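Chemist: Mind looking over this structure? Questions follow.
Protein chains: 2
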Amino acid sequence: MSSMMFVGGEKGMIPAEIDLAPPKDGQAFVRLLAAAFNKRDYWITQGKYPGVKLPLVLGSDGAGMIDQREVIINPSIGWGDDPNYFADDFKILGLPDFGTFSDMIIVPEENIYDKPGHLSWIEAAALPVCGVTAYRAMMTRGRAKKGERMLITGIGGGVATMALLFGVAMDMEVWVTSSSEEKIQKAKDHGAMGGVNYKAEGWDKALVSQAGGRFDLIIDGAGGKGFAKMVHHMNPRGRIVIYGGTAGNIDDLSPQRIFWKQLDIMGSTMGSPEDFQNMLDFVVKHKIKPIISHVFNLYEANEAMAVMASGDQFGKVCLDIPWE
Amino acid sequence: MSSMMFVGGEKGMIPAEIDLAPPKDGQAFVRLLAAAFNKRDYWITQGKYPGVKLPLVLGSDGAGMIDQREVIINPSIGWGDDPNYFADDFKILGLPDFGTFSDMIIVPEENIYDKPGHLSWIEAAALPVCGVTAYRAMMTRGRAKKGERMLITGIGGGVATMALLFGVAMDMEVWVTSSSEEKIQKAKDHGAMGGVNYKAEGWDKALVSQAGGRFDLIIDGAGGKGFAKMVHHMNPRGRIVIYGGTAGNIDDLSPQRIFWKQLDIMGSTMGSPEDFQNMLDFVVKHKIKPIISHVFNLYEANEAMAVMASGDQFGKVCLDIPWE
Chain A
3 MSSMMFVGGE KGMIPAEIDL APPKDGQAFV RLLAAAFNKR DYWITQGKYP GVKLPLVLGS
63 DGAGMIDQRE VIINPSIGWG DDPNYFADDF KILGLPDFGT FSDMIIVPEE NIYDKPGHLS
123 WIEAAALPVC GVTAYRAMMT RGRAKKGERM LITGIGGGVA TMALLFGVAM DMEVWVTSSS
183 EEKIQKAKDH GAMGGVNYKA EGWDKALVSQ AGGRFDLIID GAGGKGFAKM VHHMNPRGRI
243 VIYGGTAGNI DDLSPQRIFW KQLDIMGSTM GSPEDFQNML DFVVKHKIKP IISHVFNLYE
303 ANEAMAVMAS GDQFGKVCLD IPWE
Chain B
3 MSSMMFVGGE KGMIPAEIDL APPKDGQAFV RLLAAAFNKR DYWITQGKYP GVKLPLVLGS
63 DGAGMIDQRE VIINPSIGWG DDPNYFADDF KILGLPDFGT FSDMIIVPEE NIYDKPGHLS
123 WIEAAALPVC GVTAYRAMMT RGRAKKGERM LITGIGGGVA TMALLFGVAM DMEVWVTSSS
183 EEKIQKAKDH GAMGGVNYKA EGWDKALVSQ AGGRFDLIID GAGGKGFAKM VHHMNPRGRI
243 VIYGGTAGNI DDLSPQRIFW KQLDIMGSTM GSPEDFQNML DFVVKHKIKP IISHVFNLYE
303 ANEAMAVMAS GDQFGKVCLD IPWE
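Line by line, the protein sequences are chains A and B.
No gaps in the numbering here: position 84 of the first sequence is 86 in my numbering, and each next residue is one more.
No gaps in the numbering here: position 310 of the second sequence is 312 in my numbering, and each next residue is one more.
What follows is the structure, given as structure tokens:
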């Protein structure tokens with residue numbers, strides 16, 4: 003197969019031909035037509051994951067064909083039977099198993115789902131990780147309801163933009179934060195009520211003032227110093243779901259606010275097979291298309307990675323995979 | 003009625019005779035036989051609650067008689083119809099309405115429940131606040147299950163000792179922390195597997211080592227610096243329920259640990275009418291008796307308050323109410 007192999011160092015990823023062993027019982031062989039990046043791919047190249055052995059084919063998101071069947075891949079490998087938590091041998095596609103930055107892949111058959119018909123190949127490849135992560139965080143964990151006021155911190159990444167689309171589709175009032183005025187405007191273009199720049203003095207009070215009230219649900223991928231402020235601006239019985247921690251550890255959190263308002267602060271990662279199916283059903287029902295920020299050719303994967311490193315994207319950074 | 007009125011200053015509480023208006027429709031007149039203290043009573047005297055008008059009869063916990071019927075009082079006044087959160091006009095008995103440090107009280111009829119037959123008057127008065135708070139925190143919010151490993155931080159207070167009894171009754175493995183070796187020993191006398199002194203260096207690792215594994219559920223009334231350590235020692239999908247914050251704000255909390263383990267950190271306060279009834283049923287079924295630390299006469303209420311201020315109690319500080 004033709005792949006971009008991550009070899010580390012200055013070379014980053016380089017083109018390589020690999021021989022694939024034929025699929026075993028219960029495995030499917032997929033010819034990939036598109037792939038997409040996640041922050042995880044970047045963190046792996048930065049040495050933030052243990053146990054990386056080079057060379058490695060990165061990539062957790064992919065869509066393609068099994069003979070004439072159009073499919074997308076659920077990247078949660080071996081979640082197991084418990085909807086509440088993944089099994090001990092759970093892994094995310096792309097480490098240690100070879101991932102989707104390749105024209106072919108072998109994955110468990112149970113991870114194969116039909117590609118939603120309203121999505122292009124690029125859109126389909128953009129969906130799996132951010133779709134299932136946003137769905138589990140918002141719905142399964144966060145119990146999002148129509149009409150509620152939801153805040154998405156740090157809009158721009160895949161999960162955050164997907165949560166925005168989900169919230170708008172189900173008639174929530176969606177608000178965002180960002181360090182970029184341009185991203186706030188883009189979020190409004192996609193249906194957000196508004197947002198504030200979290201680098202501005204007093205951003206949190208300005209946000210509550212603009213929103214006309216406190217929040218019922220927060221989807222947070224940041225943590226850090228802003229988190230405690232958000233707890234202050236929750237409605238009673240509000241829920242905060244944490245799916246990432248790019249801003250570092252959380253400080254100065256008031257236990258009194260948490261117990262008196264009976265808040266739920268919950269962690270969420272990826273999703274169960276049921277979450278994945280429910281996400282697909284929701285996406286099909288509401289004809290949701292993931293927001294695509296950049297599309298590169300497979301062999302331009304290092305340029306795509308540079309966008310991930312910059313954090314400048316709004317939506318997904320994708321790879322178009324040529325067949326030779 | 004004969005009451006101990008909180009008048010503030012050096013006098014604290016003083017004996018006083020008050021004329022009660024006759025009960026209105028929907029209200030019950032209870033002749034009190036016993037009352038009990040909560041940390042709340044102490045905090046009120048320390049000016050930690052807004053809107054206190056003196057003189058005030060303190061006290062949220064009480065048991066007594068309505069004619070020949072033996073009753074205890076649910077101190078959650080006006081919780082309302084939503085089991086998830088109390089209504090806007092919710093209040094806890096003893097502020098602003100006159101509380102239980104008195105030989106008579108008028109409360110809503112819906113807050114009257116039959117006194118469990120296996121409890122003495124003092125034990126019955128010790129039950130309501132800590133019983134319902136521990137029950138909601140552990141069961142309704144914390145989803146405690148038989149066989150799970152539970153940690154109760156800062157053992158000694160009413161809620162913590164009641165959570166200990168509940169956990170032992172339902173065959174959980176219960177562990178505790180305290181700054182007092184004597185309290186750890188007392189907890190073991192009541193069925194705890196063991197505990198550590200949180201003032202010792204490396205207490206958290208020592209605790210996990212003693213316990214032979216990580217925790218499924220933590221009942222925490224402290225917050226503060228120890229909290230982040232505890233998050234480190236949770237099992238995947240563990241739950242931490244916060245019902246107090248005596249150690250202050252929480253720092254250095256890792257979002258990565260929260261999302262990867264899919265933890266739930268939840269606040270809980272008091273309980274709904276359903277929680278109160280379920281708590282009583284549980285207490286009757288398991289013949290649980292609240293742990294009584296000190297008993298004073300009503301007119302010794304200032305001495306009882308001094309114990310609350312010291313934090314030296316293990317279990318409830320109670321008042322025996324004489325009839326004249």
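Glycine included, C-beta positions come from ideal geometry on N, C-alpha and C.
Just so you know, these numbers come straight off a predicted model, no measurement behind them.
Show which residues of chain B have a CB atom less than 9 Å away from the CB atom of M268/A.
Modeler: Position 266 of the first sequence, counted from the first residue, corresponds to residue 268/A. Simply I260, F261, Q264, L265, D266, I267, M268.
Chemist: How far does the alpha helix (DSSP H) with V210/B in it reach, from first residue to last?
Modeler: By 1-based counting over the second sequence, the position of residue 210/B is 208. V210/B -> alpha helix (DSSP H) spans 205 to 213.
Chemist: Answer yes if the region 139 to 156 of chain A comes into contact with the region 62 to 75 of chain A, meaning at least three C-beta pairs across the two stretches below 8 Å, and no otherwise.
Modeler: Inter-segment contact for the region 62 to 75 of chain A and the region 139 to 156 of chain A is absent: fewer than three beta-carbon pairs are separated by less than 8 Å.
Chemist: Starting from T179/A, follow its DSSP beta bridges and name the residues at the other end.
Modeler: As a working note, residue 179/A is residue 177 in the first sequence. T179/A pairs with V198/A.
Chemist: With distances taken Cα to Cα, identify the nearest neighbour of S181/A among F168/A, H234/A, K201/A.
Modeler: Numbered from its first residue, the first sequence carries residue 181/A at position 179. Just measuring C-alpha positions, the residue of F168/A, H234/A, K201/A sitting nearest S181/A is K201/A.
Chemist: So, is the C-beta of G225/B closer than 8 Å to a C-beta in chain A?
Modeler: Residue 225/B sits at position 223 when you count from the first residue of the second sequence. Output row for G225/B: interface = yes.
Chemist: What distance in whole Å lies between the Cβ atoms of V134/B and D222/B, which are believed to be in contact at a cut-off of 8 Å?
Modeler: Stepping through the second sequence from its first residue, residue 222/B is reached at position 220. Stepping through the second sequence from its first residue, residue 134/B is reached at position 132. So it is not a contact: roughly 18 Å between Cβ atoms.
Chemist: Which residues bound the beta strand (DSSP E) around H296/B?
Modeler: Here the question's residue 296/B lines up with position 294 in the second sequence. Where H296/B is concerned, the enclosing beta strand (DSSP E) stretches over 294 to 299.
Chemist: With 16 as the cutoff for other CB atoms within 10 Å, does G53/A come out buried or exposed?
Modeler: Here the question's residue 53/A lines up with position 51 in the first sequence. Classification of G53/A: exposed, given that the 10 Å Cβ count is below 16.
Chemist: Report yes or no: is there a C-beta of chain A within less than 8 Å of the C-beta of G246/B?
Modeler: Residue numbering aside, residue 246/B sits at position 244 when the second sequence is read from its first letter. True, the Cβ-Cβ gap to chain A drops below 8 Å.
Chemist: Beta carbons nearer than 8 Å to chain A: which residues of the region 147 to 174 of chain B have them?
Modeler: none
Chemist: Considering only C-alpha positions, which residue in the set S270/A, T155/A, A126/A, L35/A is nearest to V198/A?
Modeler: As a first step, residue 198/A is located in the first sequence; it is residue number 196 there, counting from the start. For the set S270/A, T155/A, A126/A, L35/A, the Cα lying nearest the Cα of V198/A is the one of T155/A.
Chemist: DSSP puts D222/B in a beta bridge; with which residues?
Modeler: Position 220 of the second sequence, counting from 1, holds the residue named residue 222/B. For D222/B, which the question treats as bridged, DSSP gives the partners I244/B.
Chemist: According to DSSP, L255/B sits in a beta bridge with which residue or residues?
Modeler: Reading the second sequence from its first residue, position 253 is the one you call residue 255/B. Per DSSP, I252/A.
Chemist: Distance cutoff 8 Å, beta carbons only. Does R1/A sit that close to anything in chain B?
Modeler: As displayed, chain A neither begins before 3 nor continues past 326, which places residue 1/A out of reach and without an answer.
Chemist: Alpha carbon to alpha carbon, what distance is there between R239/A and L300/B?
Modeler: Start at 1 with the first residue of the second sequence, and residue 300/B comes out as number 298. Start at 1 with the first residue of the first sequence, and residue 239/A comes out as number 237. The straight-line gap from Cα to Cα measures roughly 38 Å.
Chemist: For L60/B, decide whether its Cβ has a neighbour in chain A, counting only Cβ atoms nearer than 8 Å.
Modeler: Walking along the second sequence from the start, residue 60/B turns up at place 58. Taking 8 Å as the CB threshold, L60/B stays off the interface with chain A.
Chemist: Out of curiosity, what's the CA-to-CA distance linking D21/A and R42/A?
Modeler: Locating residue 21/A in the first sequence gives position 19, counting from the first residue. Locating residue 42/A in the first sequence gives position 40, counting from the first residue. Going by the C-alpha atoms only, they are around 26 Å apart.
Chemist: Let me check understanding here. Comparing Cα to Cα, which of L34/A, G11/A, A38/A lies closest to A303/A?
Modeler: Reading the first sequence from its first residue, position 301 is the one you call residue 303/A. Looking at the Cα atoms, A38/A is the closest of the given residues.
Chemist: Please classify P238/A: does DSSP put it in a helix, a strand, or coil?
Modeler: For this step, residue 238/A is matched to residue 236 along the first sequence. In the structure shown, P238/A sits in a strand (DSSP, three-state: E or B).
Chemist: Quick check on D105/B: buried or exposed, where buried means 16 or more other Cβ atoms within 10 Å of its Cβ?
Modeler: On the second sequence, position 103 is the one that residue 105/B refers to. Flag for D105/B reads buried.
Chemist: Suppose the cutoff is 6 Å on Cβ atoms and the five residues either side in sequence are ignored; what does the same chain contact list for F261/B look like?
Modeler: Taking the first residue of the second sequence as position 1, residue 261/B is located at position 259. Within the same chain, F261/B has no close Cβ partners at all.
Chemist: Does I252/B have its Cβ less than 8 Å from a Cβ in chain A?
Modeler: On the second sequence, position 250 is the one that residue 252/B refers to. Cβ-Cβ to chain A under 8 Å: yes for I252/B.
Chemist: Mind reading off the beta-carbon distance from I114/B to A30/B? Whole number of angstroms is fine, and I expect it under 8 Å.
Modeler: The residue labelled residue 114/B in the question sits at position 112 within the second sequence. The residue labelled residue 30/B in the question sits at position 28 within the second sequence. Correct: roughly 5 Å between the Cβ atoms.
Chemist: Report yes if the C-beta distance between V109/B and L56/B is below 8 Å; otherwise report no.
Modeler: As a working note, residue 109/B is residue 107 in the second sequence. As a working note, residue 56/B is residue 54 in the second sequence. Not in contact: V109/B and L56/B (Cβ atoms no closer than 8 Å).
Chemist: Would you tell me roughly how many angstroms separate the C-alpha atoms of G158/A and T102/A, rounded to the nearest one?
Modeler: In the first sequence, residue 158/A corresponds to position 156, counting from 1. In the first sequence, residue 102/A corresponds to position 100, counting from 1. Their Cα atoms are separated by approximately 22 Å.
Chemist: Using the DSSP secondary-structure output, state which residues sit across from R71/B in a beta bridge.
Modeler: Counting from 1 along the second sequence, the entry for residue 71/B is found at position 69. DSSP output for R71/B lists I68/B as bridge partner(s).
Chemist: What does P238/B reach in chain A if we use C-beta pairs closer than 7 Å?
Modeler: Within the second sequence, the letter at position 236 stands for residue 238/B. What P238/B touches in chain A: Y87.
Chemist: What would DSSP say about L265/A, mapped onto helix, strand or coil?
Modeler: Position 263 of the first sequence holds residue 265/A. Judged by DSSP in its simplified three-state form, L265/A adopts coil rather than helix or strand.
Chemist: Check M172/A in the structure and name its three-state DSSP category.
Modeler: Counting from one through the first sequence, the residue named residue 172/A turns up at place 170. Looking at M172/A - three-state DSSP - the assignment turns out to be coil, as it is neither helix nor strand.
Chemist: Measuring CA to CA, which of A171/B, M152/B, D83/B is closest to I220/B?
Modeler: Position 218 of the second sequence, counted from the first residue, corresponds to residue 220/B. Residue nearest to I220/B within the set A171/B, M152/B, D83/B is M152/B (criterion: CA-CA distance).
Chemist: Check whether the Cβ of P257/B lies closer than 8 Å to any Cβ atom in chain A.
Modeler: As a first step, residue 257/B must be located in the second sequence, where it is residue number 255. Cβ-Cβ to chain A under 8 Å: yes for P257/B.
Chemist: Beta-carbon separation of S270/A and R145/A under 8 Å?
Modeler: Looking up residue 270/A in the first sequence gives position 268. Looking up residue 145/A in the first sequence gives position 143. Going by C-beta atoms, S270/A is not nearer than 8 Å to R145/A.
Chemist: Where E175/A and A162/A are concerned, what is the direct C-alpha to C-alpha distance, given to the nearest angstrom?
Modeler: Your numbering for residue 175/A matches position 173 in the first sequence. Your numbering for residue 162/A matches position 160 in the first sequence. Distance between the alpha carbons of E175/A and A162/A is about 15 Å.
Chemist: The region 87 to 111 of chain B: which residues have C-beta closer than 9 Å to a C-beta of chain A, in chain order?
Modeler: Contact annotation: in the region 87 to 111 of chain B, residues whose CB is within less than 9 Å of a CB in chain A are Y87, F88.
Chemist: Against chain B, which members of the region 270 to 292 of chain A pass a CB distance test of less than 8 Å?
Modeler: S270, T271
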